[in-house]
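Heads up: the structure comes next, in structure tokens.
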Amino acid sequence: MVFTEAKSMEKTRALMDSIELAENHTAQIEDRVEYVDRELEEARRDLAKTKEVYENLDNLSTALEIASSLLASVTVVPSIGVAASALKKTIDLTRYPVDKATDAARFLESISKEMRAKIYQVEEKVEKVDQKLLSLLNTQNDFLTVLGDAQSCIDSLPASASIRAELVEQIETVSATLNPIVRNLDSAQKSFLEQIIYVENKIKKVDEELNRLFQIDDAVKRVRRELQPMINTLEDIKRALKKTISVPYGITPKICKGRWGIPYPCGKPIYYRFTVWQILTGPGKLIKPVMDLFNREVDKILRPLLRKLNLNINLDGLPGAEELEALRNRLEAVLNDAINDFARLLTELDGPMGEFSQEMLEAISKMKEINDRCHLNLEDNL
40 MVFTEAKSME KTRALMDSIE LAENHTAQIE DRVEYVDREL EEARRDLAKT KEVYENLDNL
100 STALEIASSL LASVTVVPSI GVAASALKKT IDLTRYPVDK ATDAARFLES ISKEMRAKIY
160 QVEEKVEKVD QKLLSLLNTQ NDFLTVLGDA QSCIDSLPAS ASIRAELVEQ IETVSATLNP
220 IVRNLDSAQK SFLEQIIYVE NKIKKVDEEL NRLFQIDDAV KRVRRELQPM INTLEDIKRA
280 LKKTISVPYG ITPKICKGRW GIPYPCGKPI YYRFTVWQIL TGPGKLIKPV MDLFNREVDK
340 ILRPLLRKLN LNINLDGLPG AEELEALRNR LEAVLNDAIN DFARLLTELD GPMGEFSQEM
400 LEAISKMKEI NDRCHLNLED NL
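The sequence shown begins at 40 in the working numbering and counts up one residue at a time.
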């Protein structure tokens, strides 16, 4: 008799085990979907920064052009001429790859718009699936409650009660019908959980590529920060080279007479006038005392500026077009794979969820009828 009692609702207990397992997997899927969705949303925000990367490279390209021109104009200054020429050569060698990298960054920015649009489409799908998952969890929980109540009620009926066998048969029939549907859902859920790992790994690769992009951007901004003070000082030096210096070298030969007819020299001073640039490039044949005067004035003008000038610019870490193009290709490929795989998994899960929810709602209604009949008979037997 005990054995018969234990076996009497075997299908019902099997269904309960299946639903509890499915409910656990549904909760796991809910967590994983939310995680992937958050990561994709973060990737979408980060991809929006590709415009900033392009703009920073474009600004750097302009700054390098300005720096090259300014360095060319100050090579006449003896104390910095050699260093300025060397840095100009290095900058000129850097300008071409930076210009090509700027073009690559511009293309990356245009591609990122398409990728952000794809992510947004998936996010819309996630929102719908997420609502279904929450509804699914509620339905599973509701059914377990009704099923457990009905099972407990039937177990409480006297073995001699005629209704007991009928209710056992009914609950077993519903359970037998529903269990394959629950298992079908859970099979899809387990497949989803196995495959979502690959999506998560691809998203990690997306993060790695985006982090590399931001490292490149940091290098660009660092060089730009180093260049700007140098450019400012070079512009000051360039303006200083245009300044005119006047040095007196005598007076006009003119004699004037005073009040009592006493003669005195009254000629006007005569000046040599040259720009700083002319003095540095050689103003012609001037006697040494005059040239010394010019050099002293030039030194007064340039020395404070030269003290501020830093020509030790580190151009390491700047990207080339090949690096950015390779990064773009990797980023586009891995992100598209992640998006497409995630969308496919959501679609594959959608069918079994829909079938399960529909069947489960009907089963809940039947279980409630069984439960209500059981409780009425249980009250009659009290």
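Yeah, the Cβ is synthetic: ideal placement off N, Cα and C, and Gly gets one too. These figures come from a predicted structure and were not determined experimentally.
Checklist entry - From which residue to which residue does the beta strand (DSSP E) around K324 run? => result Counting along the chain, K324 falls outside any beta strand (DSSP E), and DSSP gives it neither H nor E.
Item to check | Buried versus exposed, by CB contacts within 10 Å (16 or more), N410 | outcome: buried
Checklist entry - If you draw a straight line from the C-alpha of T43 to the C-alpha of L183, how long is it? => result Legend: pLDDT at T43 = 44, less than 50; position of this residue unreliable, no value from coordinates given.
Checklist entry - Do R222 and S396 have their C-beta atoms closer together than 7 Å? => result no
Next on the checklist: Any beta carbon of chain D sitting closer than 7 Å to that of D194?
Outcome noted: Here there is only one protein chain, and chain D is not present.
Checklist entry - Among the residues of its own chain, which have a CB less than 8 Å from the CB of N53, if the five just before and after it don't count? => result It should be pointed out that residue 53 corresponds to Ala in this sequence rather than to Asn. S214, N218.
Checklist entry - Between F231 and L384, which are expected to be in contact by the criterion C-beta below 8 Å, what is the C-beta distance as a whole number of angstroms? => result 5 Å
Item to check | Cut-off 8 Å between Cβ atoms - residues of its own chain near V185, not counting five sequence neighbours on either side | outcome: I403, M406, K407, N410
Next on the checklist: Within 10 Å of its beta-carbon, does L357 have 16 or more other beta-carbons around it, so buried, or fewer, so exposed?
Outcome noted: buried
Item to check | CB contact flag (K167, A360, <7 Å) | outcome: no
Next on the checklist: According to DSSP, F313 sits in a beta bridge with which residue or residues?
Outcome noted: I284
Checklist entry - Taking C-beta to C-beta, are V92 and A156 nearer than 7 Å? => result no
Item to check | Chain-order list of residues whose beta-carbon lies under 7 Å from that of S195 (same chain, five-residue window excluded) | outcome: L417
Next on the checklist: Rounded to the nearest angstrom, what separates H425 and N240 at their Cα positions?
Outcome noted: Nothing in the structure corresponds to residue 425, since the chain is present only between 40 and 421.
Checklist entry - At what residues does the alpha helix (DSSP H) containing P136 begin and finish? => result 120-195
Item to check | Within 7 Å, strictly: CB atoms of R367 and L147 | outcome: yes
Next on the checklist: Below 8 Å on the Cβ atoms is my contact criterion, and I expect M269 with L350 to pass it. Report the Cβ-Cβ distance as a whole number of Å.
Outcome noted: 7 Å
Checklist entry - If you count every other CB in all the chains shown that lies within 10 Å of the CB of N271, and 16 or more means buried, which is it? => result exposed
Checklist entry - Taking the continuous alpha helix (DSSP H) assigned at I58, which residues delimit it? => result 49-86
Item to check | Extent of the continuous beta strand (DSSP E) run through I294 | outcome: 294-296
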